[in-house]
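Q:
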Amino acid sequence: MRPTSFDVAERAGVSQSTVSRALRNSPGVNAETRARVSAAARELGYVVDRHASSLRLKSSETIALVTICRPGEDRSAINPFYFALLGSIAAATSARGFNLLVSFQESEANFRADFVASGLADAMIVIGTTSNRAAWDYFADAQAAGFDFTCWGSPGDPFHWMRSDNDIGGRLAAEHLVAKGRRTLAFVGPQRSPQRQFDERRDGFIAALEARGITPLIAEPPAGPDRHAQGVAAARELLAAHPDIDGIFAASDMLALGVLQGIKETGRSVPGDVALIGFDGIRAGTLADPALTTLEPDLDAAGEALVAMALEDADHSRSGTRIPVRLAVRGTA
Numbered sequence: 011m012r013p014t015s016f017d018v019a020e021r022a023g024v025s026q027s028t029v030s031r032a033l034r035n036s037p038g039v040n041a042e043t044r045a046r047v048s049a050a051a052r053e054l055g056y057v058v059d060r061h062a063s064s065l066r067l068k069s070s071e072t073i074a075l076v077t078i079c080r081p082g083e084d085r086s087a088i089n090p091f092y093f094a095l096l097g098s099i100a101a102a103t104s105a106r107g108f109n110l111l112v113s114f115q116e117s118e119a120n121f122r123a124d125f126v127a128s129g130l131a132d133a134m135i136v137i138g139t140t141s142n143r144a145a146w147d148y149f150a151d152a153q154a155a156g157f158d159f160t161c162w163g164s165p166g167d168p169f170h171w172m173r174s175d176n177d178i179g180g181r182l183a184a185e186h187l188v189a190k191g192r193r194t195l196a197f198v199g200p201q202r203s204p205q206r207q208f209d210e211r212r213d214g215f216i217a218a219l220e221a222r223g224i225t226p227l228i229a230e231p232p233a234g235p236d237r238h239a240q241g242v243a244a245a246r247e248l249l250a251a252h253p254d255i256d257g258i259f260a261a262s263d264m265l266a267l268g269v270l271q272g273i274k275e276t277g278r279s280v281p282g283d284v285a286l287i288g289f290d291g292i293r294a295g296t297l298a299d300p301a302l303t304t305l306e307p308d309l310d311a312a313g314e315a316l317v318a319m320a321l322e323d324a325d326h327s328r329s330g331t332r333i334p335v336r337l338a339v340r341g342t343a
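Sequential numbering from 11 applies to the sequence shown in our numbering.
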């Protein structure tokens, strides 16, 4: 059988999309990688099908962005953080002169990972909820089968992933609450979620507090239709069981906005009785009353890095990249 670009990719230890770019001298591929791909192609006797290549180039300069949703979820109900991240990816894609193909996926009826292999895109990025385990199982199988892509906040291995600097964020939240004189503190967030970022935020928060001789309470949000509803219920349960709590760090802004409502429903004030910090920096937090103090990831940097990782730029790691966060101090803490 004639060797394919996938065979060359396996021999050279790169993705199929990198083979394609290397053999057409794309500036996004460094000289060492280009030489390795060329050597692999010669060894295998691979010759570019110029007709197929010309057809493919008609739809090149495109990045596919898959956004994983919960089954049956209204698109307007998707976590606003992912829309903000999508906007940053779109800006970074446009800055490179590329187009962005966006695909919302939720079930086997519309799962798809072959955008690069089919010639519709040069690279692929996956973002979205990790609560849709069927989707991540599908993409894990797709990656094992040779389809290549980069993820934001994936469940971890075996994916090429990028996340916020969650541990640092948790530590910043702890340090700020302690500096404000809060001593009876709690973390509100899922404890059995595939989203590693929640664990990282919790662990950073705990470590910073334990270094100061404080052991925080850990609260698992009750089941609910969305993070906001879970946050409301978590605040009610937490303050009923521990009425002396004076500071809460929530694993995400949507949880935090629910916690804010729940605190108010118990008759307590924010930040007078209970200080509150979230994580994500979504715009809705600035519109809350009081405005939400939060850890903000640098989404511009995230968008640029995701695009660079997807296109396998020489100066970007393919996995484990961390995006810096900053504490945006507003009204709740």
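Just so it is clear, CB atoms sit at the ideal spot from N, CA and C, and this is done for glycine as well.
Bear in mind the structure is a predicted one, so any value in this text is a computation, not a measurement.
#1: Can you find the residues in the same chain that come closer than 8 Å, C-beta to C-beta, to residue 283, ignoring five residues on each side of it along the sequence?
#2: Could you tell me the distance, in whole angstroms, from the CA atom of residue 231 to the CA atom of residue 199?
#3: So what does DSSP say about residue 288, is it helix, strand or coil?
#4: Tell me the DSSP bridge mates of residue 170?
#5: Thinking C-beta only, is residue 267 closer than 8 Å to residue 1?
#6: Out of 136, 340, 209, 85, which has the shortest C-alpha to C-alpha gap to residue 179?
#7: From the DSSP output, read off the bridge partner residues of residue 307.
#8: Our contact map puts residue 203 next to residue 140 with C-beta atoms below 8 Å; I'd like the distance itself, whole angstroms only.
#9: Could you give the C-beta distance for residue 269 and residue 261, rounded to a whole number, given that I count them as a contact under 8 Å?
#10: Under 8 Å, with one C-beta from each stretch per pair, do the region 20-29 and the region 123-136 reach the 3-pair mark?
#11: Unbroken beta strand (DSSP E) runs of length 3 or more, entirely within the region 208-285: which are they?
#12: For the putative contact between residue 103 and residue 317, defined by C-beta atoms under 8 Å, what is the C-beta separation to the nearest angstrom?
#13: Assuming residue 289 contacts residue 304 (C-beta within less than 8 Å), just tell me the rounded distance between them.
#14: Skipping 5 residues on each side, what residues in its chain have a beta carbon closer than 6 Å to that of residue 228?
#15: Mark residue 263 as exposed unless 16 or more other C-beta atoms lie within 10 angstroms of its C-beta, in which case mark it buried.
#16: I'd like to check one pair, residue 336 with residue 306: are the Cβ atoms closer than 8 Å?
#17: Quickly, what does DSSP pair residue 198 with across the bridge? List them, please.
#18: Closer than 6 Å by C-beta to residue 322: which residues in its own chain qualify, once you throw out the five before and the five after it? Chain order, please.
#19: In its own chain, which residues sit with a C-beta less than 8 Å from the C-beta of residue 39, not counting the 5 before and 5 after it?
#20: What's the C-alpha gap between residue 64 and residue 299?
#21: Considering Cα atoms alone, identify which of 226, 56, 205, 143 is closest to residue 171.
#22: Return the first residue and the last residue of the beta strand (DSSP E) that residue 109 is part of.
#23: Do residue 194 and residue 254 count as a contact pair if the criterion is CB distance below 8 Å?
#24: Excluding the 5 residues flanking residue 143 on each side, which residues of the same chain have their C-beta closer than 8 Å to its C-beta?
#25: Less than 6 Å between C-beta atoms, sequence neighbours within five positions excluded: which residues of the same chain meet that for residue 182?
#26: Starting from the Cα of residue 94, find the closest Cα among 184, 308, 82 and give me that residue.
#27: Between the C-alpha atoms of residue 312 and residue 223, what's the straight-line distance to the nearest angstrom?
#28: Taking a contact to mean a Cβ-Cβ separation below 8 Å, would you say residue 169 touches residue 148 in this structure?
#29: Note down, in chain order, each residue of its chain lying with its Cβ closer than 7 Å to the Cβ of residue 226, except the 5 sequence neighbours on either side.
#30: Residues in its own chain within less than 7 Å of residue 240 by CB, not counting five upstream and five downstream?
#31: Would you kindly work out how many angstroms separate the C-alpha atoms of residue 137 and residue 54, rounded to a whole number?
#32: Determine which residues share a DSSP beta bridge with residue 145 and list them.
#33: Quick one: Cα of residue 185 to Cα of residue 98, how far?
A: So, from the listed chains and residues:
#1: 256, 273
#2: 6 Å
#3: strand
#4: 160
#5: The requested residue 1 is not part of the displayed model; the chain covers only 11 to 343.
#6: 209
#7: Paired residue(s): 335.
#8: A Cβ-Cβ separation of about 7 Å places residue 203 in contact with residue 140 under the 8 Å criterion.
#9: So it is not a contact: roughly 10 Å between Cβ atoms.
#10: yes
#11: 227-229, 257-260
#12: About 6 Å separates the two Cβ atoms, so the contact holds.
#13: 6 Å
#14: Excluding residues within five positions, the ones whose Cβ falls inside 6 Å are 197.
#15: Counting Cβ neighbours within 10 Å, residue 263 comes out buried, since at least 16 surround it.
#16: yes
#17: Answer is 229, 260, bridged to residue 198.
#18: 28
#19: Contacts found: 28, 31, 32, 47, 322, 324.
#20: The predicted position of residue 64 is uncertain, since its pLDDT is 44 and thus under 50; a value taken from the coordinates is nonetheless stated next. Within the model, the alpha-carbon separation for residue 64 versus residue 299 is close to 56 Å.
#21: Looking from the CA of residue 171, the closest CA among 226, 56, 205, 143 belongs to 205.
#22: 109-115
#23: In this structure, residue 194 lies closer than 8 Å to residue 254 by Cβ.
#24: Taken in chain order, the residues that qualify are 204.
#25: Correct list, in chain order: 337.
#26: 308
#27: Roughly 35 Å between the two C-alpha positions.
#28: no
#29: 195, 196, 197, 215, 216, 219
#30: Cβ neighbours of residue 240 beyond the five flanking positions: 231, 232, 234, 265, 268.
#31: 35 Å
#32: In DSSP, residue 145 forms no bridge with anything.
#33: 29 Å
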